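A quick write-up on the structure given underneath.
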Amino acid sequence: MSDNGKPKFAMYWAASCGGCEIAVLNINEKILDVDANFEVVFWPVAMDAKYKDVEAMPDKSILLTLFNGGIRNEENEHLAILLRQKSQILVAFGSCATEGCIPGLANFSNTDQIYEAVYEGVSTDNPNHIRPQYNYEVPEGTLHIPAFYPALRTLDQVVDVDYYMPGCPPESHQIAAVIDLVLKVLNGEAELPPKGAVIGAGNSTVCDECGRKRHVKSITKFVRIHEVDEIDPELCLLEQGILCNGPATRSGCGARCPGVGAACIGCYGPAEGVIDYGARLMTAVASVIDSNDPDEIDAILEGIPDPAGSFYRFSMPHSLLRMAKPAWSNGNR
Amino acid sequence: MSNKQNQPQDEKERIGVYVCHCGSNIAGVVDVEDVAVWAKEELGDQGVVVSRDYKFMCSSLGQEMIENDIKEQGLNRVVVAACSPHLHEATFRKACERAGLNPYLSELVSIREQVSWVHTDKEKATEKAKAMVAGGVERVIENEPLEPLRVPIHPATLVVGGGIAGIQAALEIADAGYQVYMVEREPSIGGHMAQFDKTFPTLDCAACILTPKMVSVGEHPNIELLTWSEVERVEGYVGNFSVTVRKRPRYVDTDLCTGCGICWEKCPKKVIDEDFEQGLGYRTAVYTPFPQAVPKYPVIDTESCIFFANGKCKACEKLCPTGAINFDQEEEILLLEVGNIIIATGFDTFDARRIPEYGYGRLANVFTSVEFERMCNAAGPTNGEVVLRDGVTKPEAVGIVHCVGSRDRNYNNYCSVICCMSSLKFAHLVKERTGAEVYNFYIDMRTAYKDYDEFYQRVMEEGVLFVRGRVAEITDATRNPGEEGKLVVQVEDTLAGRQRRIPVDMAILSVGLQPPSDTKEVAQRFGISCSASGWITEKHPKLDPVATMTEGIFIAGAIQGPKDIPTSVAQGAAAAARVLGRINKGEMYLEPIRATVDPEKCSGCRICNNLCPFGAIIFHEDLMVTEINHALCQGCGTCVAACPAGAISGTGFSNEQVLSQIEGLLAYSFPKDFELVEMVPA
Amino acid sequence: MSEQFEPVIIGFTCNWCSYRAADMAGTARIKYPPNIRLVRLMCSGRLDPTFVLKALSEGADGVLITGCHPGECHYLEQNYKALRRYRLLLKTIAQMGIEPERVKLVWASAAEGVQLARAITTFVEEIRALGPLRWPLRLAEMDIKETAAVEEVVA
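Okay, here's the thing in structure tokens:
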């Protein structure tokens, strides 16, 4: 408890885009409930604070920490461990923390390839091929840059996580619902869900919330959404040959993307109990291909030019393989 | 990672591991004692509390060992490392059951067929055996207690096809006191056997032995005979089938018809009978296919009938003494509830026109075997006279060609089983009725069954000539003197080692048997499968020839593959016996390997809906969820693997079971210096 | 390395055809290398790509998927679903840097013990030639210093 009696709240962004922060702010007036009921002790986007302030806090003094972003470098890791130490409830907030999300796509490359893309890309003028130096002497002392790990990890691959809130970002109405739940728990009106639960999301997949008509599936062709002249607004996108990840993606977002003619890309992650999201899409999409001939099947699959990208866009670090071979082999094995 | 690691101690499994020597079958290659000791040491953390090795686990002493340990050591899981589950899975399951442990909480790991019998390096075999045991242990932890599914059996039976096999099956079941529905698409039952003249090897008259059985069927109080009918749709599952039958209109009121025959005697419209008479004779537009037809009621062929063409005639209606003709009769759709189905839809014959070099359809005096049967039949179009196509001339030389369309990669690769015997029969009949010179052109003589070879010897003694060789051509293009006006059979006589041209007056082609042309559709209607050659697939070619992969659906007769009359009768009786056994028990227990949809998790995406060939997957439009019918589900697990939401679980081969097994197999498969380290939180 | 690399392979078999073929190889005493560990499924249609990924991520160097020949599936047509998933799986793992040759689909009927043993033997040699995969999960122990010590080029 803080000095003014209000429970402490923290939110931190590791390897992320900032969208989760915006999603929280998007709860509009509800933010006042947060302010009224919590003392915000650490939230880099909203207030100034230093890491040493966090280090100085007593263990478990923060009631609730929403941790978004993946663990890519030493700094991310340090804060994950630190905030775990200081928090009673640690929530992996958003797709980056729960399953890796877009930063996780870097797991398809090794660090050499990443450095080259960042420091020697077409828009970068680096004639001397300068790369980051982890320790650099300056008159005032030695500067350290956090070490860059070979692959991105999710929060639960580094520390023990209490709850997961999926989404890229989690929908604001779901965030508001979770805040309401926490407040009820504080008032003794509700119980915390079992540890390890996914909160702020539904029990099924996006199809459950999608209003499109669906029939028995038999796909003869896959098309890219920009190749379609007219998308039938009432019919299931997958039945129109458009690769929609909805069947494998956890519900809770309200199926907003299919609702406006955009295929679901899977930001809410896997359904309950699924250990490899990409595998579910692989099997579901392949099973309904209308062919029994290997060459014909391959021809139909030409319509999915980037299956790894389509199926593991958000979930690579949390999948069974976690990364592509270049990320760990560096040509050494 | 097995999530059992988070389980509280009191729920931990107590696993017994039993490594079998199988004499020296396993112990000769695998160090079984080492495996047993290792299992206790290495897998103790996983719950192995008892680990033994024994000479023969399947013996009564071996089984007792398991039962005693279950009772005394409080085992709640059992892993036996021995032979293949296909041999003894049931044995060890029963042992567990006797000791009070749910039988599905046991696993049989094969270290004989899969290790000791196929590998030679003893060290590596032992290491592999350990890995297999580890896989079994990890898997069994995830096993759940299961109960077989109980399904009640409706006592009525459907027999599809009124040939000799179907008739036999129907009579056996009906005589036992149970209701039978027989559906036959022709106007009369009797099948192909009704077309034959004499049957080998006894040369009984086919009609004489068949018609009493046909009459029994027609008169049997327990058999409802639906001829001129077809099965339209089959729904349901073993014990509870709902069959839709379309009964075509005969245009004859069967309540009034006495079978007196005045209608077809007086019918002015004659057409060639392509079906029963094989084009050799005529019938009228209103007809019964043959005099002893059962049922005796005629049908009107609307395509030939004058009334249906232009509204005139109506002679039959005017002359029928009971007023039974009803041109307005409509088809009837019937819904039958049955517990079991026997499919006995028989065969078609190979179309000899597909072999143009034999001249069938072009050369007048080339006949097929079925045509020849009709010719020989005393009630047939020639009153039993063996004559040429002109209807008058007796042949002086006849060639009988075996294997037409059979044993031929260009047509049907299989042997049609009965053609050698029927060819010999024809040889005998020709000799008897004409005294002509008879040649049988054969590849091999297949006369394997009771009294068959003796029949062959008899025909040889009657002076029939045998030429071993596949006939190349039957032609009327004569070359040599003596061939004018005759058909020439060109053949390589392989035993004599030379080509021969043999002039004959008549050629009889012993055409092979084929599945009826619509067998694939029929099979799909019933949810069963056909093999590559089109015959319906039996459950096991040796040990279960009358059952199919679909519970409750049996097959009998030629539809399972070419066969003779005694074998068809035996299969009809066998199928009937199986059905009677089911009816007698009143209920059936099905293996509880089934898929289930969690309706909470199911989003109604319908991806699984198209994946079940057994129709077990049902979509509820009102609830927008999918459901699986457990009695129809065959447990293949395809939908379990396909569901993108992970909403379908499968018993017996659950995700947890398989994933744990993979973990166990791999955990002990690598050299000591290779470690898979799980990420641990700091 | 003086010792030859011994691949570790997981094989999936179907209860009615390929598992019986493996049994038949046993009864006929046909020999094949001990590198493979077989998992029995009721049908190749049960094959979830998750199983293949699990095997690969836990260190297997190769995965062999077997089932009934097309047209002969005990459950009528479920092996075709396995085939479809297999084609997409190969495409996906290729993007992960895993050689598609490490996952192979082979049909074997219950009578084809000899052929299955031969297919296993061939596959073991194919994987041996590809070398180990041995997917590591020890990210924590990965040589961070190696990546941190990037080339320092003074401007």
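Residue numbers (my numbering), protein chains in the order written: chain S, 7 to 339; chain Y, 2 to 683; chain H, 73 to 227. Just so it is clear, CB atoms sit at the ideal spot from N, CA and C, and this is done for glycine as well. Nothing here was measured: the structure is a model prediction, and the numbers come from that model.
Proximity below 9 Å, CB of residue i to CB of residue j
| i | j | result |
| --- | --- | --- |
| residue 341 of chain Y | residue 583 of chain Y | yes |
| residue 180 of chain Y | residue 157 of chain Y | yes |
| residue 258 of chain S | residue 138 of chain S | no |
| residue 6 of chain S | residue 225 of chain S | No answer is possible for residue 6 of chain S: it lies beyond the span of chain S, which begins at 7 and ends at 339. |
| residue 65 of chain S | residue 167 of chain H | no |
| residue 80 of chain H | residue 670 of chain Y | yes |
| residue 116 of chain S | residue 325 of chain S | no |
| residue 491 of chain Y | residue 479 of chain Y | no |
| residue 127 of chain H | residue 82 of chain H | yes |
| residue 215 of chain Y | residue 243 of chain Y | no |
| residue 232 of chain Y | residue 218 of chain Y | no |
| residue 464 of chain Y | residue 439 of chain Y | yes |
| residue 189 of chain S | residue 41 of chain S | no |
| residue 99 of chain Y | residue 148 of chain Y | no |
| residue 97 of chain Y | residue 21 of chain Y | no |
| residue 198 of chain H | residue 173 of chain H | yes |
Identity of the residue in the options nearest residue i by Cα
| i | options | result |
| --- | --- | --- |
| residue 635 of chain Y | H:138, H:178, H:145, H:130 | H:145 |
| residue 648 of chain Y | Y:352, Y:420, Y:598, Y:174 | Y:598 |
| residue 94 of chain H | H:138, H:154, H:208 | H:138 |
| residue 96 of chain H | Y:59, Y:119, Y:40, Y:33 | Y:119 |
| residue 603 of chain Y | Y:650, Y:87, Y:592 | Y:650 |
| residue 653 of chain Y | Y:615, Y:665, Y:596 | Y:596 |
| residue 182 of chain S | S:47, S:15, S:58, S:30 | S:30 |
| residue 227 of chain Y | Y:531, Y:82, Y:332 | Y:332 |
| residue 140 of chain S | S:51, S:237, S:151, S:23 | S:151 |
| residue 152 of chain H | S:289, S:185, S:314, S:327 | S:289 |
| residue 606 of chain Y | S:243, S:47, S:79 | S:243 |
| residue 154 of chain Y | Y:163, Y:361, Y:238, Y:229 | Y:238 |
| residue 424 of chain Y | Y:199, Y:411, Y:418, Y:403 | Y:403 |
DSSP-derived helix/strand/coil call for residue i
| i | result |
| --- | --- |
| residue 24 of chain S | coil |
| residue 254 of chain S | helix |
| residue 112 of chain H | strand |
| residue 226 of chain H | Note on residue 226 of chain H: pLDDT 28, under 50, position unreliable in the model; the coordinate value appears next. It is coil, neither helix nor strand. |
| residue 113 of chain Y | helix |
| residue 132 of chain S | coil |
| residue 21 of chain Y | strand |
| residue 545 of chain Y | strand |
| residue 212 of chain H | Interpretation of residue 212 of chain H is limited by its pLDDT of 41, a score under 50 that renders its predicted location unreliable; the figure taken from the coordinates is listed afterwards. Looking at residue 212 of chain H - three-state DSSP - the assignment turns out to be helix. |
| residue 165 of chain H | helix |
| residue 682 of chain Y | Legend: pLDDT at residue 682 of chain Y = 26, less than 50; position of this residue unreliable, no value from coordinates given. |
| residue 287 of chain S | helix |
| residue 44 of chain S | coil |
Name, going along the chain, the residues of the region 509-522 of chain Y whose beta-carbon falls closer than 9 Å to a beta-carbon of chain H. Within the region 509-522 of chain Y, contact with chain H at the beta-carbon level (separation under 9 Å) is assigned to no residue.
Alpha helix (DSSP H) segments (min. 4 residues) lying fully within the region 409-462 of chain Y: Along the region 409-462 of chain Y, the alpha helix (DSSP H) occurs as fully enclosed runs of 4 or more residues at 420-435, 453-462, listed in sequence order.
Could you run through the region 633-647 of chain Y and flag, in chain order, every residue whose CB is less than 9 Å away from some CB of chain H? For the region 633-647 of chain Y, which is checked against every Cβ of chain H, the residues closer than 9 Å are 635, 636, 637, 638, 639, 640, 641, 642, 643.
Along the region 153-170 of chain H, where does the CB come closer than 9 Å to a CB of chain Y? Name the residues. Within the region 153-170 of chain H, the residues whose Cβ lies closer than 9 Å to any Cβ of chain Y are, in chain order, 153, 154, 157.
What residues in the region 605-624 of chain Y have a beta carbon less than 7 Å from any beta carbon of chain S? Contacts with chain S (Cβ-Cβ distance below 7 Å) from the region 605-624 of chain Y involve 605, 606, 607, 608, 610, 611, 612, listed in chain order.
Restricting to runs no shorter than 4 residues, where is the alpha helix (DSSP H) found entirely within the region 155-237 of chain Y? Within the region 155-237 of chain Y, the complete alpha helix (DSSP H) runs of at least 4 residues are 165-176, 207-220.
As an exercise, report each continuous beta strand (DSSP E) stretch of at least 3 residues that is fully enclosed by the region 352-377 of chain Y, in chain order. If only complete runs of 3 or more residues are kept, the region 352-377 of chain Y shows the beta strand (DSSP E) at 367-369, in order along the chain.
Beta carbons nearer than 7 Å to chain H: which residues of the region 231-251 of chain S have them? The region 231-251 of chain S vs chain H, Cβ under 7 Å: nothing.
Closer than 7 Å, Cβ to Cβ, to anything on chain H: give me those residues from the region 525-552 of chain Y, in chain order. Per Cβ criterion, the list reads 530, 533, 550.
At a CB distance below 9 Å, what residues from the region 90-106 of chain H approach chain Y? Give them in sequence order. Cβ contacts with chain Y: 91, 92, 94, 95, 96, 97, 98, 99, 100, 101, 102, 103, 104, 105, 106.
Closer than 9 Å between beta carbons: that is the criterion. Which residues of the region 75-102 of chain Y meet it against chain H? Correct list: 84, 85, 86, 87, 88.
Start-end ranges of the beta strand (DSSP E) lying completely within the region 38-97 of chain Y, minimum 3 residues: Runs found: 49-55, 78-83.
With 9 Å as the limit, tell me which residues of the region 16-37 of chain Y have their beta carbon closer than that to any beta carbon of chain H; keep them in chain order. Within the region 16-37 of chain Y, no residue has a Cβ that lies closer than 9 Å to any Cβ of chain H.
What runs of the alpha helix (DSSP H), each 4 residues or longer, lie entirely inside the region 486-534 of chain Y? If we require 4 residues or more, the alpha helix (DSSP H) runs fully inside the region 486-534 of chain Y come out as 520-527.
Which residues, in order along the region 111-125 of chain Y, keep a beta-carbon less than 8 Å from a beta-carbon of chain H? Listed in sequence order: 111, 113, 114, 115, 116, 118, 119, 120, 121, 122, 125.
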